[in-house]
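Encoded as structure tokens, the structure appears first; notes follow it.
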Ligand SMILES: Nc1ncnc2c1ncn2[C@@H]1O[C@H](COP(=O)(O)OP(=O)(O)OP(=O)(O)O)[C@@H](O)[C@H]1O
Ligand SMILES: [Mg+2]
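Here it is in structure tokens:
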């Protein structure tokens, strides 16, 4: 099979799951949105004073980028869950479904509110007066006259909301909700453009189909053609049914493996999943989770295992800013995780994925730079590129302060494009990751850190509190501990990142396992 | 005079619009109106545009409330009555017709009976009777939507809707304005016969003086929120006290005279 064909059939195999979840989230959000917006809009037509604040609120929500809105709901729900846990002894999962549905619900509100209000207010005053004149109660006037007359306009609002929600639902992947966005996020990270395109097209097709079915209902209602309305409604039900059926038959896995949003994480998650399955344990995946989201998800038991990096926990969660040797960090981190969050440290994998400043080899040699200390003198003439997080991270502050670094320019970019940006000279230095395969491919050098300003970033296997003493899980994953050195990880990453003969994360993971077994 | 109280009674009614807004005295639409309509009367209200006719009519079934004064319906202050039930007992033909555009002719006509919970078969026979009364063939018109009707046909459906629930009191705001003269005359006569047969009490607003004179038991002339004169058509035509009413009541005759002159080939 061609590479394209392989990628395509791989994507197709995931469609029932991704599409099903996508439809469930979208439909739930839309239904909830309608249930809230329609009555609110009706109340607003009765009390003119409410209209402005209501529409202003919905408009402001609309201006918040979808990703940010979704991300905001996660910590909010986490807090609420902690409160209910404390009050009633039962919390709920703040990951995935709930934040996605709530954010999308808010997103769906504006078009429905606006169109319902416009639709009802646009009714000929003579007709409204007549509805009172013939003896209708306000409620009868609403249901017999105003809503039916406004229905075409309301339906148009519902269509807009449906298209928005289906589109924005692709962004629910980073908060842990499986959706068609999984194709896009994973594809972007592993540069699998077939996957990205597949996700975009699937989401667009879903939106178009739903929009057209709603349009059919709308025209059926407007023209009083019952058959047309019924066909539209039936179509919507069919889409729902088709999406839901695979969901019902999907067995629930015993273990959930989490992954952040980059290639190495996909490979390691695949590897863990393969190990669990090889040991007869069923394992599902939660891919593309944000860095804070994934940690909290582990702590609350939404996922059972994932790989994090000691420096991330040290700085982000332990709020430590002091530099300590690798072993000390591991030891203190393990104790802290156990004590503060109940999380078990199964062990380090053996390699570090640390922040490292990297340059093109020829450029570094030409300027005579081998260490970060050498860089200080040249920095005012150089541009540095970093991923979206880097310049906000304490590591950057520590590095800058320790050496007195001061660059001509700082550029934020997607980590996918960072390496080629330094390779073709768009920037001179990047905040690379030490295990990235592209360091070797683009012939970059990493600068040594004589002042040890950058904390160590050992890849570590973390287990959820309730899995801390799970022997089956420990036995399945223990063979990975201490077995992956940085060269091996770089090479594995390169297999999934390179342009030619690119492997899927699962293939790369199988290759990696073979190398571990050969040791 | 019968012992029964008047069906409708206005007591010193004042109606202001837009007052209360700072710096505005508002429009004085009705300026101390007192008027009563006895059982069975056909009262026609005439007067120039903006004189307060519609405003007066809307007070009866509480589509609006007076600023001062009382409206009595069958001897009771309307403020003590449930507006919804009151409206279902009073037929109302709107100036702008106000048919429900998403309902068929039959559904429009049957709306008040439906609200009153009449059974379906009774509603349907009622619709047919009424459509025939306003000279629309039920078979042709039952299932049409208002947008598929001419302006005059719509007005007739509006009249049918107003009397569908067999009200004893019917209020009509320029009900026949858009009809051609022949249909207008016929529907007007038909309605007047119905009024007599069922013993209805009718208040009708019109701008057509000939129609007023031919249909009314009594005519009330409004001008700038006042009822400047009232009386039988005969009284007003023979003994109007004001120039305006005299000119108004002379209209049918002057027109007839002009017409006669025209037919005889003389100058109008
Ligand atoms: N809702 C309202 N708000 C403010 N002013 C009003 C309102 N309704 C009526 N008016 C004013 O009250 C006065 C009487 O209006 P009304 O509708 O009773 O006149 P009318 O005699 O029915 O006229 P027409 O023959 O043109 O229908 C007019 O000056 C009108 O502008
Ligand atoms: Mg009027």
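Protein chains in written order, with this note's numbering: chain U, 1 to 519; chain Z, 1001 to 1268.
All C-beta atoms, glycine included, are put in the ideal place defined by N, C-alpha and C.
DSSP three-state call for residue 388 of chain U: helix, strand or coil?
coil
Name the residues in the region 107–134 of chain U whose C-beta lies less than 7 Å from a C-beta of chain Z; which are they?
126, 127, 129, 130, 132, 133, 134
Enumerate, from N- to C-terminal direction, the unbroken beta strand (DSSP E) stretches of 3 or more residues contained entirely within the region 1222–1252 of chain Z.
1226–1231
Could you have a look at residue 348 of chain U and say whether DSSP puts it in helix, strand or coil?
In the three-state DSSP reduction, residue 348 of chain U falls in the strand class (E or B).
If you follow the alpha helix (DSSP H) that residue 45 of chain U is part of, which residue opens it and which one closes it?
3–46
Under 8 Å between C-beta atoms of residue 1299 of chain Z and residue 1155 of chain Z
A question about residue 1299 of chain Z goes unanswered here, because the residues of chain Z that appear run from 1001 up to 1268.
Beta-carbon separation of residue 348 of chain U and residue 482 of chain U under 8 Å?
Cβ distance < 8 Å, so residue 348 of chain U and residue 482 of chain U count as in contact.
If residue 34 of chain U and residue 120 of chain U are in contact, beta carbons under 8 Å, what's the gap, nearest whole angstrom?
Contact doesn't hold; Cβ gap of about 15 Å is too wide.
Would a check of beta-carbon distances place residue 217 of chain U closer than 8 Å to chain Z?
Not closer than 8 Å to any Cβ of chain Z, the Cβ of residue 217 of chain U fails to qualify, so no.
For residue 517 of chain U, does the count of other Cβ atoms within 10 angstroms reach 16, so buried, or fall short, so exposed?
exposed
Under 8 Å, CB to CB, which of the residues in the region 149–161 of chain U have a partner in chain Z?
149
Can you determine whether any heavy atom of ligand 2 sits closer than 7 Å to the C-beta of residue 1053 of chain Z, and answer yes or no?
Yes, ligand 2 has a heavy atom inside 7 Å of this Cβ.
Looking at chain U, is there any beta carbon in it that lies within less than 8 Å of the beta carbon of residue 1112 of chain Z?
Contacts with chain U at 8 Å (Cβ-Cβ) include residue 1112 of chain Z.
Does chain Z have any CB closer than 8 Å to the CB of residue 249 of chain U?
Here residue 249 of chain U scores only 49 on pLDDT, less than 50, and its place in the model should not be relied on; the value that follows carries that caveat. No, no contact with chain Z.
Which residues in chain Z have a C-beta closer than 8 Å to the C-beta of residue 137 of chain U? List them in chain order.
1084
Partner residues on chain Z for residue 145 of chain U, Cβ-Cβ distance less than 7 Å:
1100
Please check if any C-beta of chain U sits within less than 8 Å of the C-beta of residue 1073 of chain Z.
no
Helix, strand or coil for residue 457 of chain U, going by three-state DSSP, please let me know.
coil
Among the candidates U:214, U:346, U:382, U:301, whose CA atom is the shortest distance from the CA of residue 272 of chain U?
U:346
Give the range of the alpha helix (DSSP H) segment to which residue 1211 of chain Z is assigned.
1209–1215
Have a look at U:102, U:48, U:38 and flag the residue whose alpha-carbon is nearest the alpha-carbon of residue 61 of chain U.
U:102
So with Cβ pairs under 8 Å, would you call residue 1094 of chain Z a contact of chain U?
yes
Between residue 495 of chain U and residue 308 of chain U, what straight-line distance do the alpha-carbon atoms span, to the nearest angstrom?
21 Å
Mind listing, in chain order, the continuous beta strand (DSSP E) runs of no fewer than 3 residues lying wholly within the region 1013–1049 of chain Z?
1027–1037, 1042–1046
Opening and closing residue of the beta strand (DSSP E) in which residue 410 of chain U lies:
409–412
Own chain partners of residue 44 of chain U with C-beta closer than 7 Å, once the 5 adjacent residues on each side are dropped:
50, 51, 54, 117
Any beta-carbon of chain U closer than 8 Å to the one on residue 1088 of chain Z?
yes
Could you check where the alpha helix (DSSP H) with residue 1124 of chain Z kicks off and where it finishes?
1120–1133
Check whether residue 444 of chain U and residue 399 of chain U have beta carbons under 8 Å apart
no
Just checking residue 1029 of chain Z against ligand 3 - is the residue's beta carbon closer than 7 Å to any of the ligand's heavy atoms?
Ligands present in the displayed structure are limited to ligand 1 and ligand 2, and ligand 3 is not among them.
Name the chain U residues that come within less than 7 Å of residue 1194 of chain Z, Cβ to Cβ?
Near residue 1194 of chain Z there are no residues of chain U at all, since even the closest Cβ is about 19 Å away, more than 7 Å.
Candidates U:245, U:132, U:95, of which the one nearest residue 19 of chain U by Cα
U:245
Quick one: is residue 1242 of chain Z buried, meaning 16 or more other Cβ sit within 10 Å of its Cβ, or exposed?
exposed
Boundaries (first-last residue) of the beta strand (DSSP E) holding residue 1173 of chain Z
1169–1173
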